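Asks: In terms of the numbering used here, the sequence shown opens at residue 68 and continues consecutively. Idealized CB from N, CA, C, for every residue including glycine. A quick note: this is a predicted structure, and the numbers were derived from the prediction, not measured. What follows is a structure written as structure tokens; I'll ask about it next.
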Amino acid sequence: MSAIAARGAFLRRRVPAIQIYGANTGVGKTVVSTLLAKALKSHWPGKDVAYLKPVSTGPDSDRDDSYVHRYAGIRAKTLYQFDDPVSPHIAARKPGFTPPTDDHLCSSVLEWMNRAVPKDGVIIVETAGGVLSPGPSGTPQADIFRPLRLPVVLVGDHQLGGIATTLSAAESLTLRGYDIVAVVVPTGNLGNHNYLRTIFHRQRSVPVYEIPLISDFSRNSVGSPVLEGTDLSHSDATLRAYYNAISRSHMHVIIGEIKSKHARRLYDLDKMSAKAAEVIWHPFTQHKDQTAAGLLPLDSAHGDFFQVYRPSNEYVHRGLEAASAWPDGSDLHAAFDGSASWWTQGLGHGNQDLALATAYAAGRYGHVMFAGAVHEPALMLATNLIRLMDSDNKSRLRKAFYTDDGSTGIEVGIKMALKAASVKYGWDGSSTDIGIIGLKGSYHGDTIGAMDCSEPSTYNKKVEWYRGRGYWFDYPQVKLKKGKWTVEAPAGMEDDFGSPQHYESLQEVFNLDERDSSVYERYIIKVLKQLIQDEGRKFGALVMEPVLLGAGGMIMVDPLFQQTLAKVIRTSPILASMSEAAPSLETDNATNDPVHWTGLPVVFDEVFTGMYRLGRFSSSSFLDTQADISVHAKLLTGGLLPLCVTLASQSIFDAFLSNEKSDALLHGHSYTAHAIGCHVANVSMEKYANLPKMGNWRRAARDWAPTRRAPAEASFVGSGMDPTKYVWSMWTKDFVTNLSNKECVEGVVAIGSVLAITLIDESGSGYNSNAAIKLRDTLLERGSRHDWGIHSRVLGNVFYLMGSMTSSSDTLRLVQKAVTKHIDPTAEPHEKDLDISEDQ
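So this is what it looks like as structure tokens:
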């Protein structure tokens with residue numbers, strides 16, 4: 068079984084499953100497992116009841132699976148039994164033994180569960196030690212088994228200190244997204260169960276049940292002496308009497324709770340889409356055509372995968388394969404999050420470190436206002452962002468302004484730029500029509516001001532207040548065509564930009580110092596002269612998404628054009644003719660200041676392209692151009708929370724200084740710089756900093772190394788290389804090249820975690836094209852026949868995918884294999900597309 072199968076959570080309508088976790092070792096997990104197994108066998112005659120212990124330590128004479136089999140009379144299995152009675156991460160270090168990886172262990176559990184009970188029954192999976200006890204790899208077992216997300220019966224501790232350990236165990240499970248069905252606590256003589264019942268009922272609405280200790284039962288009911296040691300050390304007669312009696316007297320209510328929670332979970336998932344269709348207005352959706360069947364019910368998510376609910380009988384009604392064709396009859400299947408959840412995912416769904424960071428900041432701060440105040444997470448994040456943007460000591464950015472999301476961050480950036488330009492050029496913004504300069508196909512957000520920064524399109528042209536304030540340059544695009552990286556002018560603009568240029572590698576396209584920009588410079592100056600001098604138009608900013616225009620269709624702009632446009636905007640004397648103010652000494656001095664903005668403020672929208680999405684911290688570094696204003700969101704919090712930071716230069720900040728409050732930047736949100744998001748962002752930034760050292764990043768960078776290397780590129784293939792200094796993709800070079808040669812493909816773009824495939828559409832390209840929809844639907848539907856599918860979004864005739872920053876090579880290779888098969892069903896996958904080995 069491939070490692071990817073471990074990404075599938077377990078949910079089968081006719082096979083409830085329970086995972087037994089304990090507040091600590093020695094609290095009675097095996098006793099509870101045995102009682103449940105024996106009671107279930109009696110409660111559901113004719114159904115299979117199976118028990119699994121994934122990892123156990125100690126001699127064979129003490130095996131838990133043998134114990135459960137003996138006293139419950141069911142099939143029981145241990146996957147990994149280690150002789151030494153110590154923690155699994157120590158026991159697994161025996162000579163000549165390689166501990167199973169977390170993925171392999173989780174996959175093995177899932178495979179066993181599906182094989183052990185193929186039709187009707189119940190499965191009990193018992194863990195070892197406490198919730199956070201390490202598995203063989205050293206990873207806490209609550210993290211190892213999280214992809215399965217089995218409902219939990221937590222066995223509480225009846226001993227002194229047991230209240231604290233039980234509550235801590237429950238919190239650890241909750242932080243990881245587990246559902247606790249019930250808590251079972253041995254009675255003991257301290258009354259822990261009574262206290263825990265009150266707490267769990269009040270805080271979590273989780274029932275707490277008590278069971279007698281074996282020692283109490285033997286003393287009160289059997290009369291035999293209490294043996295030294297654990298509850299498992301009693302005589303065989305005592306134990307059989309105990310399990311016979313307690314399984315009948317105490318377990319029926321717990322079994323009822325398990326059945327009820329299982330049925331409720333299925334009921335809620337069954338009704339989720341229909342209820343959503345009644346009450347939810349979905350984004351970017353024409354609801355005239357939207358039906359409940361078109362909504363994807365998500366049970367949970369982990370790593371790079373959604374857990375999608377599709378009951379097996381649904382496929383019978385839809386005329387597709389019968390339930391038996393489903394992988395193991397599951398009602399959930401894993402779907403690769405191919406849009407990175409609208410470009411936000413950086414560190415994977417269900418990341419326990421980010422969950423813990425969220426809880427810490429919520430516990431420390433909750434939410435506190437930011438006007439006239441400051442807190443450590445916001446100060447640290449602002450400082451770190453400014454420092455990281457200044458890695459080459461050329462950055463102009465010195466101030467950080469917080470907003471809630473990318474669109475509002477762009478609104479702030481535009482306010483900053485227009486104010487600074489109006490002050491410099493002596494404009495009255497209330498009476499002067501001021502536009503921006505941008506690029507065709509750009510999109511900067513869905514709020515009105517951000518929409519006005521883009522040309523008319525499907526996104527905005529029917530919005531009543533949309534005005535489209537600006538001019539948008541057309542430009543040459545970069546695509547891989549028939550195995551060659553091509554820089555090609557838009558149709559009809561060959562006289563302006565010249566014939567297509569071909570390059571051996573994407574790295575060569577980005578070697579801007581070695582390319583001639585004179586053609587671009589002449590064209591840009593010609594257009595600016597017409598707009599400003601001939602037509603008398605006024606502009607207050609240059610606004611661009613560096614390198615890749617996301618919503619416009621994952622368009623890769625020739626980086627040389629973007630670099631040249633920013634350079635001309637800053638240096639051309641043409642822009643001075645917009646001024647209505649007399650020249651001042653301050654303006655003259657600013658021209659000579661290397662970090663003071665000139666011409667127009669340059670605003671870089673890095674909401675999508677920044678934070679390593681393209682393989683580097685800042686996408687502007689590909690252009691070797693520093694922004695006056697830079698906007699960052701999406702990946703900022705690792706993909707967990709909305710937060711945006713707009714960075715600005717000192718000279719932009721100074722434009723708002725005045726004796727009048729009305730001249731200040733009067734913009735803010737109730738949740739500005741929320742401490743939770745800022746702290747999570749700081750933790751995310753720490754994790755991002757380690758990405759270039761990861762084996763799969765370095766492997767991918769080596770894969771994309773130019774075949775013919777310039778001397779400066781010789782170290783590119785070295786073991787100590789820094790991938791962030793080069794241009795590369797997580798998607799293999801061979802796979803991308805093969806795609807570019809397919810008859811149905813017009814061109815391919817691959818950079819960082821982004822893959823965009825432009826499909827040929829004879830009826831026309833653009834957002835209204837349906838060319839990519841069939842591929843999108845086929846890749847998702849494959850989940851009905853395999854153990855996983857691919858969820859994706861399309862942009863007209865552009866089919867795109869992107870992983871998180873931590874996607875494994877194994878996962879991406881299998882995604883590549885599926886894309887290769889379904890984009891052209893008649894073609895066999897290329898050999899290298901099938902290679903899923905991961906460089907460590």
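#1: Considering only residues of the same chain and omitting the five flanking positions on each side of residue 661, which have a CB-CB separation below 6 Å?
#2: Tell me the residue span of the beta strand (DSSP E) that contains residue 136.
#3: With distance defined between alpha-carbon atoms, name the residue in 825, 237, 469 and 175 nearest to residue 711.
#4: Of the choices 681, 201, 555 and 515, whose alpha-carbon is the least far from that of residue 628?
#5: Skipping 5 residues on each side, what residues in its chain have a beta carbon closer than 8 Å to that of residue 291?
#6: Compute the Euclidean distance between the alpha carbons of residue 880 and residue 856, then round it to the nearest angstrom.
#7: Roughly how far, in whole angstroms, is the beta-carbon of residue 474 from the beta-carbon of residue 514, given that I think they are within contact range, below 8 Å?
#8: Looking only at DSSP bridge pairs, what is residue 144 linked to?
#9: For residue 869, report the span of its beta strand (DSSP E) as first-last.
#10: Does the beta-carbon distance from residue 636 to residue 666 come in below 8 Å?
#11: Out of 737, 809 and 882, which one is the CA nearest neighbour of residue 820?
#12: Starting from the Cα of residue 203, find the closest Cα among 146, 430 and 230 and give me that residue.
#13: By Cβ distance below 7 Å, which residues in the same chain neighbour residue 414 in space, the five residues on each side in sequence not counted?
#14: Please report the distance separating the alpha-carbon of residue 804 from that of residue 546.
#15: Helix, strand or coil for residue 392, going by three-state DSSP, please let me know.
#16: Residue 891 by DSSP, collapsed to three states: which one?
#17: On the DSSP letters alone, give me the boundaries of the alpha helix (DSSP H) that residue 568 sits inside.
#18: Please say whether residue 701 and residue 675 have beta carbons closer to each other than 8 Å?
#19: Just list the residues that DSSP pairs residue 817 with in beta bridges.
#20: Which stretch, first to last residue, makes up the beta strand (DSSP E) that contains residue 540?
#21: In terms of alpha-carbon separation, which member of 682, 79 and 251 lies closest to residue 790?
#22: Note down, one range per segment and in chain order, each alpha helix (DSSP H) of at least 4 residues found wholly within the region 195–234.
#23: So what's residue 347 in DSSP terms, helix, strand or just coil?
#24: Within this structure, are the beta carbons of residue 677 and residue 508 separated by less than 8 Å?
#25: Would DSSP call residue 811 helix, strand or coil?
#26: Tell me which same chain residues have a C-beta within less than 8 Å of the C-beta of residue 227, skipping the five on either side of it?
#27: Name the residue from 321, 532 and 105 whose alpha carbon lies nearest to the alpha carbon of residue 312.
#28: How would you write the range of the alpha helix (DSSP H) that residue 313 sits in, first residue to last?
#29: Is the CB of residue 303 under 8 Å away from at least one CB in chain C?
#30: Pair every Cβ in the region 400–419 with every Cβ in the region 370–378, then say whether three or more of these pairs are closer than 8 Å.
#31: With a threshold of 6 Å on Cβ separation, who are the neighbours of residue 717 within its own chain once the five nearest residues in sequence on each side are excluded?
#32: Residue 89 by DSSP, collapsed to three states: which one?
#33: With three or more C-beta pairs closer than 8 Å as the rule, is the region 111–120 touching the region 202–216?
#34: Beta-carbon within less than 6 Å of residue 909's beta-carbon, same chain only, minus the 5 sequence neighbours each way: which residues are those?
#35: Hey, out of 329, 506 and 517, whose CA is closest to residue 478's CA?
#36: Using a Cβ distance threshold of 8 Å, determine whether the region 734–748 contacts the region 432–448, with at least three qualifying pairs required.
Replies: By the coordinates alone:
#1: Taken in chain order, the list of residues that qualify is empty.
#2: Counting along the chain, no beta strand (DSSP E) covers residue 136; the unbroken alpha helix (DSSP H) around it starts and ends at 131–139.
#3: Ranking the options by Cα distance to residue 711, first place goes to 469.
#4: With distances taken between Cα atoms, residue 628 lies closest to 555.
#5: Because the pLDDT at residue 291 is just 40, under 50, the model does not fix this residue reliably, and the value given afterwards should be weighed accordingly. Only 285, 301, 302, 304 and 305 meet the Cβ criterion.
#6: Rounded to whole angstroms, residue 880 to residue 856 spans 14 Å at the Cα level.
#7: Contact flag correct, Cβ pair sits at about 5 Å.
#8: Under DSSP, residue 144 takes part in a beta bridge, and its partners are 119.
#9: According to the DSSP assignment, residue 869 belongs to the beta strand (DSSP E) that extends over 865–869.
#10: Contact annotation: residue 636 and residue 666 have beta-carbon atoms nearer than 8 Å.
#11: Closest in C-alpha terms to residue 820, from the list 737, 809 and 882, comes 882.
#12: Taking only the C-alpha atoms, the option nearest residue 203 is 146.
#13: So the list reads 421, 705, 706, 751, 754, 871, 872 and 873, once near-sequence residues are dropped.
#14: Straight-line Cα distance between these residues: approximately 11 Å.
#15: Interpretation of residue 392 is limited by its pLDDT of 37, a score under 50 that renders its predicted location unreliable; no figure is taken from the coordinates.
#16: Reduced to three states, the DSSP call for residue 891 is coil.
#17: Residue range 568–570 is occupied by the beta strand (DSSP E) that includes residue 568, with no alpha helix (DSSP H) assigned at that position.
#18: Taking 8 Å as the cut-off, the Cβ atoms of residue 675 and residue 701 count as close.
#19: DSSP, once it has assigned bridges, lists 822 as partnering residue 817.
#20: Where residue 540 is concerned, the enclosing beta strand (DSSP E) stretches over 537–540.
#21: Checking every option, the nearest Cα to that of residue 790 belongs to 682.
#22: Fully enclosed alpha helix (DSSP H) runs of 4 or longer: 208–211.
#23: In the displayed model, residue 347 falls within coil according to three-state DSSP, outside both helix and strand.
#24: At a Cβ-Cβ threshold of 8 Å, residue 677 and residue 508 do not count as neighbours.
#25: Residue 811: coil per DSSP, three-state reduction.
#26: Excluding sequence neighbours, residue 227 sits near 257.
#27: Measuring from the Cα of residue 312, the nearest candidate turns out to be 105.
#28: Segment 303–316, the alpha helix (DSSP H) holding residue 313.
#29: The structure shown has no chain C; it contains just one protein chain.
#30: Segments in contact, yes.
#31: For residue 717, where only same-chain residues beyond five positions count, the Cβ hits under 6 Å are 465.
#32: Residue 89: strand per DSSP, three-state reduction.
#33: No: fewer than three Cβ pairs fall under 8 Å.
#34: The question about residue 909 has no answer here: the residues shown for the chain are numbered 68 through 907.
#35: Each of 329, 506 and 517 was checked against the Cα of residue 478, and the nearest Cα belongs to 517.
#36: Here the region 734–748 lies against the region 432–448, with 3 or more beta-carbon pairs under 8 Å apart.
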